[in-house]
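Asks:
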Amino acid sequence: MTDNAEGPGRARQNVIYRDGVLGRNPKIPTDFAALERAARKKVSPTAWAYVAGGAGAGSTMDANREGFDRWKIVPRVLRDVSSRNLSVELFGRRIPAPILFAPVGAAELVHPDADVAIAGAAADLGLPYIFSNQGSAPMEASAAAMGTAPHWFQLYWSKDEELVDSLLQRAEKSGADAIVVTLDTTMLGWRPMDLNLGSLPFARGKGIAQYTSDPRFLEIVRDRIKNPAGVQADVEVTLGAIRSLISMSRRYPGKVLQNLRSPEPRAAVETFLDIYSRPSLSWDDIATLRQRTSLPILLKGILHPDDARHAVDAGVDGILVSNHGGRQVDGSIGAMDALETIAPVVEGRATVILDSGIRGGADVFKALALGADAVTVGRPHLYGLALGGRAGARDAVANIVAEFDLTLGLSGLTSISAITRDALTRI
Ligand SMILES: Cc1cc2nc3c(=O)[nH]c(=O)nc-3n(C[C@H](O)[C@H](O)[C@H](O)COP(=O)(O)O)c2cc1C
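Just so we're on the same page, the numbering used here is the position in the sequence shown counted from 1, plus 6.
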């Protein structure tokens, strides 16, 4: 983040307006609507379906926005806001703003540098990136791109317990600061935009790099191959099937030509589809986590106050109030509406992160005013990535930080702890 005595908001405005004098417009649009339009033009229809799509008719994505719109900021004046401090401490680390990069799977759909570029972008800003279990790069590669900036690891609980342990161990070894267990995707939601194109990135070997780089996963794949009943025998040979095989072979570790002749890439995809997630997951499983990792544990996908209470009573370190960006349950409660009922239940006993629907700095402000300690941002950094790789992902989030800084000051406040519910009114 630009180190500027006047704060990130004015610093970013200055860069953009100075460039404007030279006749250059920002490569990354500074508002979400324009960012989304530009990203859409840049990527393939299947990539767009996966990245922008939601569950069912998309009403949960609308609910996320409506949740923010119901709250209005009531700015105060004449309070000397010349010096502002956006920093917060999360799990022992001070970060320059209460904003994290949300975990996103299959980012290679929009840019070949995918996770490694996002990691670089987050590191440029000093903000944490939560590596996805559906990453397009092994977590070790993304960690290397983060330098000393913090990263966390997001886990999908596999049907194979040894794989869960292996992923947890790798996360610890790669220097993760926390584990985020995503609970709302024990099955994939009904996503018509993908379904109508028959498109699932993982089925083509995209977004399964955490698995194909894992020793336990490869063991399962090889066992599967040894057992002929475990491998799909008669696959219809179509142009699509050949393309998919090439896509799988390009992504599987080793040489492409060798992979094309090997049963492993296809067996890896089939294995992944069988075991990546476990619908039988319950609170009893979560209780085992404490023995399995020394890292702070956060649960992602909490929307009901009773689940939040259960999580805190179970001793987790944090929750992400999230509906997965509207991608799982159509007609679900908006994340901000959930936060309103959850924050009073948690009451400072665990870290609360608001995820889903953050589009600009005012949204960050509103989420914090309703009791969140920080927010995560998903699609905005992916759209930035699509448009400009690492620099694009960086600028998309830097714009949100800048707007948040200005919103804070222009509302009459100078620190994160000063943002309280008094700053808002509900309409
Ligand atoms: C393309 C895409 C892939 C995602 N992949 C994952 C994932 O692998 N794991 C996860 O926990 N959440 C995943 N999410 C959800 C995000 O972490 C986050 O909850 C969501 O994007 C927040 O909503 P927003 O996009 O409105 O900011 C994904 C979201 C998108 C858009």
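C-beta: ideal position from N, C-alpha, C; glycine also.
Say the cut is 7 Å; is the CB of N70 nearer than that to a heavy atom of ligand 1?
Replies: True, at least one ligand heavy atom lies under 7 Å from that Cβ.
Asks: Could you check what DSSP says for I422 in three-state terms: helix, strand or coil?
Replies: helix
Asks: Among residues of its own chain, excluding the 5 on either side of D119, which ones have a beta-carbon nearer than 6 Å to its beta-carbon?
Replies: G395
Asks: Three-state secondary structure (DSSP) at E242?
Replies: coil
Asks: Quick one: what's got a C-beta closer than 6 Å to G195's C-beta in the same chain, skipping five residues either side?
Replies: Closer than 6 Å at Cβ, skipping near neighbours: A61, R333 and Q334.
Asks: Using a Cβ distance threshold of 8 Å, determine whether the region 92-108 contacts the region 358-378, with at least three qualifying pairs required.
Replies: yes
Asks: Which one of G29, Q297, L28 and F38 has the shortest CA to CA distance from G390?
Replies: G390 has its Cα closest to that of F38, out of G29, Q297, L28 and F38.
Asks: Take A108 and list the residues in its own chain whose beta-carbon comes closer than 7 Å to its own, dropping the five residues that flank it on each side.
Replies: I136, D361, T382, V383 and G384
Asks: Based on Cα-Cα distance, which residue from T218, R296 and T299 lies nearest to N265?
Replies: The residue from T218, R296 and T299 with its alpha-carbon nearest to that of N265 is T218.
Asks: Do you know how far the Cα of S300 is from the Cα of Q175?
Replies: Taking the straight line from one Cα to the other gives about 10 Å.
Asks: Please state if the CB of W77 and the CB of R365 are separated by a distance shorter than 8 Å.
Replies: no
Asks: Name the two residues that bound the continuous alpha helix (DSSP H) containing R85.
Replies: No alpha helix (DSSP H) holds R85; DSSP gives it neither H nor E.
Asks: Tell me whether the region 135-151 and the region 402-418 touch, counting them as touching only if at least three CB pairs, one residue from each stretch, are closer than 8 Å.
Replies: no
Asks: Count the other CB atoms within 10 Å of the CB of T244; is the residue buried (16 or more) or exposed (fewer)?
Replies: exposed
Asks: According to DSSP, which residues form a beta bridge with L174?
Replies: Its beta-bridge partners do not exist; DSSP assigns none.
Asks: For T426, count neighbouring C-beta atoms within 10 Å of its own C-beta (all shown protein chains included) and say buried if the count is 16 or more, exposed if not.
Replies: exposed
Asks: Going along the chain, which unbroken runs of the beta strand (DSSP E) with 3 or more residues stay wholly within the region 179-266?
Replies: 185-188
Asks: In chain order, what residues of the same chain have a beta carbon less than 7 Å from the beta carbon of R315, not counting five sequence neighbours either side?
Replies: Short of 7 Å from the beta carbon of R315, and not among the five residues preceding or following it, lie these beta carbons of its own chain, in chain order: V351.
Asks: Flag this pair as yes or no: are the beta carbons of L161 and V187 separated by less than 8 Å?
Replies: yes
Asks: Please classify N10: does DSSP put it in a helix, a strand, or coil?
Replies: With a pLDDT of only 48 at N10, under the threshold of 50, the placement of this residue in the model should not be trusted, and no figure is reported.
Asks: Out of E409, V262 and D319, which has the shortest C-alpha to C-alpha gap to E353?
Replies: D319
Asks: For ligand 1, is there a heavy atom less than 7 Å away from the beta-carbon of Q160?
Replies: For ligand 1, a non-hydrogen atom lies closer than 7 Å to the CB of Q160.
Asks: Taking buried to mean at least 16 other C-beta atoms within 10 Å of its own C-beta, is G15 buried or exposed?
Replies: buried
Asks: The alpha helix (DSSP H) spanning K48 covers which residue range?
Replies: F38 to K48
Asks: In angstroms with no decimal places, state the Cα-to-Cα distance between G307 and L345.
Replies: 12 Å
Asks: Quick check: what's the CA-CA separation for V438 versus E12?
Replies: Past the boundaries of the shown model lies residue 438; the chain is included only from 7 to 433, so the question cannot be answered.
Asks: Helix, strand or coil: which one does DSSP assign to Y56?
Replies: helix
Asks: Between S164 and S283, is the Cβ-Cβ spacing less than 8 Å?
Replies: yes
Asks: Once the 5 residues before and after H330 are set aside, which same chain residues still bring their CB inside 6 Å of it?
Replies: Cβ neighbours of H330 beyond the five flanking positions: D190.
Asks: Which stretch, first to last residue, makes up the alpha helix (DSSP H) that contains V6?
Replies: Residue 6 lies beyond the stretch modelled for the chain, which goes from 7 to 433, so this question has no answer here.
Asks: DSSP three-state label for L301, please.
Replies: coil
Asks: Considering only residues of the region 347-377, which uninterrupted alpha helix (DSSP H) runs meet the minimum length of 4 residues and lie entirely inside it, listed in chain order?
Replies: You should have 367-375.
Asks: What is the DSSP secondary structure of T413, reduced to helix, strand or coil?
Replies: helix
Asks: Could you have a look at Y162 and say whether DSSP puts it in helix, strand or coil?
Replies: coil
Asks: For Y23, count the other beta carbons within 10 Å of its own beta carbon; 16 or more makes it buried, fewer makes it exposed. Which is it?
Replies: exposed
Asks: In the DSSP assignment, find the beta strand (DSSP E) that holds T431 and state where it starts and stops.
Replies: L430 to R432
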